[in-house]
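**Student:** Submitted below is the structure of interest, expressed as structure tokens.
Protein chains: 2
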Amino acid sequence: MKNASEITSKLSCARLKITPQRIAVLEAVMELNNHPTAEKVIDFIKANHPNIATGTVYKTLETFVEKGLIKKVKTDRDIMRYDAMTVPHHHLYSSSTDRIEDFIDPELQKMIEKYFNAHKIPNFKIEDIKLQVIGEFLTEKKKVTNKNQQHERKKY
Amino acid sequence: MKNASEITSKLSCARLKITPQRIAVLEAVMELNNHPTAEKVIDFIKANHPNIATGTVYKTLETFVEKGLIKKVKTDRDIMRYDAMTVPHHHLYSSSTDRIEDFIDPELQKMIEKYFNAHKIPNFKIEDIKLQVIGEFLTEKKKVTNKNQQHERKKY
DNA sequence: GTACCTGCAAAAGATTTGCATCTTT
DNA sequence: AAAGATGCAAATCTTTTGCAGGTAC
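Top to bottom, those sequences are chains A and B.
Numbering-wise (this note's numbering), the first sequence opens with residue 1 and increments by one.
Numbering-wise (this note's numbering), the second sequence opens with residue 1001 and increments by one.
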């Protein structure tokens, strides 16, 4: 369980009114640390908080992204995933499943920043750099051969 | 116009039957070099080829991805975009528009590969590394202030 | 009290699917 | 001829929207 005051202070810093729904959504994204989809967030919240509306969760997530409290994670699926912001970090993507893990490496970060300071991109002002490292988690089971299993929706 | 034999040879190398629809889809993704959505591909094709079915284009794009002829581009929108494979490259993402440009830099590539050879990630076998460079293209107009314009669908 | 939030249900948008028909090989 | 592709339309799934009523400040 996250510290309640941490959550409310994040909300008020972002000049958002503190409502039970917002607390629940922010808590869910922070607690579900595996880059949840909106649906995962909804399921998580509904366990303790059955009467929250789906539309509210979507609206709230979008609001949080606008305020910079959370980030959208880029994926090559058509379903959005979210990430509670902490420190700058990169992501490891499984090439065969939907797993996404954080990858924090300040040394790498520094190396890349240094590179771009020395090699400016013409006509482009860099705001952020993210590394997508795609591959296989060696602790997970291998690529499923059944095509339907891979492409089935609602498999998160 | 792309060389027709280049396209048919790619298809037959991938052991796919050569059909007018597949030629049109592959040609479109190659010609539309700005990482088109499925819809852009469909519009492009329909100009010369009015009776191709939407579902066919989606199926064909998915087939090409499976065969490695094209790639899905990771974005933080819920709409898929595609990329005709050429050499390994990274992407520049506009933080305020949907523009995505290729960023090819062999030196950077080499530097990152070298880094990961020296710093293995535990329990992870790297297959590919992509850099997402997010920022502003200095030649384009700045972030729109009208919220609706930013979030409107079908704005590609 | 006012500005902002939420719930609800309907709508919209993107993608997938099933199946009969047609094309490649 | 067999295997595989396509067209079509309906279905599915995710996300957005409009608005009446509610809540935080």
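By construction, the Cβ of each residue, glycine as well, lies at the ideal position given by its N, Cα and C atoms.
Treat the numbers as computed from the prediction; the structure is a model and nothing was measured.
Taking only beta-carbon positions, decide if leucine 11/A is within less than 9 angstroms of chain B.
**Tutor:** With 9 angstroms as the cut-off, leucine 11/A does not count as an interface residue toward chain B.
**Student:** DSSP has isoleucine 1023/B in a bridge; who is on the other side?
**Tutor:** Looking at the DSSP assignment, isoleucine 1023/B forms no beta bridge with any residue, so it has no partner.
**Student:** Just to confirm the assignment: which complete beta strand (DSSP E) runs, minimum length 3, are found wholly within the region 56-93 of chain A?
**Tutor:** 70-73 and 81-84
**Student:** When the cut-off is 9 angstroms and only beta carbons count, does glutamine 1089/B lie next to chain A?
**Tutor:** With the sequence shown as reference, residue 1089/B is identified as histidine, and glutamine is not the correct amino acid for it. For histidine 1089/B, the answer is no, since every Cβ of chain A falls outside 9 angstroms of its Cβ.
**Student:** What span of residues does the beta strand (DSSP E) with isoleucine 1126/B cover, start to end?
**Tutor:** Counting along the chain, the beta strand (DSSP E) containing isoleucine 1126/B begins and ends at 1124-1137.
**Student:** Taking the beta carbon of glutamate 6/A as the centre, do at least 16 other beta carbons fall within 10 Å, making it buried, or is it exposed?
**Tutor:** So glutamate 6/A ends up on the exposed side.
**Student:** Spatial neighbours of threonine 1008/B within its chain, please: CB distance less than 6 angstroms, with the 5 preceding and 5 following residues excluded, ordered by chain position.
**Tutor:** Ile1018
**Student:** Under 7 angstroms Cβ-Cβ, which residues of chain B neighbour threonine 75/A?
**Tutor:** Lys1074
**Student:** Here's a check: name, in chain order, each residue in its chain whose Cβ is nearer than 7 angstroms to the Cβ of phenylalanine 1137/B, leaving out the five neighbours to either side.
**Tutor:** Ser1094 and Arg1099
**Student:** Roughly how many angstroms lie between the CA atoms of leucine 16/A and lysine 10/A, to the nearest whole one?
**Tutor:** If you take the alpha carbons of leucine 16/A and lysine 10/A, they lie about 9 angstroms apart.
**Student:** In three-state DSSP terms, what is aspartate 1102/B?
**Tutor:** strand
**Student:** From glutamate 27/A to glutamine 21/A, what distance separates their C-alpha atoms?
**Tutor:** 10 angstroms
**Student:** Quick one: does the C-beta of arginine 1022/B sit closer than 8 angstroms to a heavy atom of the ligand NAD?
**Tutor:** Of ligands this structure carries none, so the ligand NAD is not represented either.
**Student:** In chain order, what residues of the same chain have a beta carbon less than 8 angstroms from the beta carbon of aspartate 76/A, not counting five sequence neighbours either side?
**Tutor:** Contacts found: none.
**Student:** Please identify, using Cβ separations under 9 angstroms, the residues of the region 1110-1136 of chain B that lie next to chain A, in order along the chain.
**Tutor:** Met1111, Ile1112, Tyr1115, Phe1116, His1119, Ile1121, Pro1122, Asn1123, Phe1124, Lys1125, Ile1126, Glu1127, Asp1128, Ile1129, Lys1130, Leu1131, Gln1132, Val1133, Ile1134, Gly1135 and Glu1136
**Student:** I'd like to know whether the C-beta of aspartate 1102/B is nearer than 9 angstroms to at least one C-beta of chain A.
**Tutor:** no
**Student:** Give a yes or no on contact between the region 1097-1117 of chain B and the region 1055-1067 of chain B, applying the rule of three or more CB pairs nearer than 8 angstroms.
**Tutor:** Verdict: no, contact absent.
**Student:** Could you spell out the range, first to last residue, of the alpha helix (DSSP H) harbouring asparagine 48/A?
**Tutor:** 38-48
**Student:** Considering only residues of the same chain and omitting the five flanking positions on each side of leucine 1131/B, which have a CB-CB separation below 6 angstroms?
**Tutor:** His1090
**Student:** What's the call for threonine 37/A, buried or exposed, on a 16-neighbour Cβ count within 10 Å?
**Tutor:** buried
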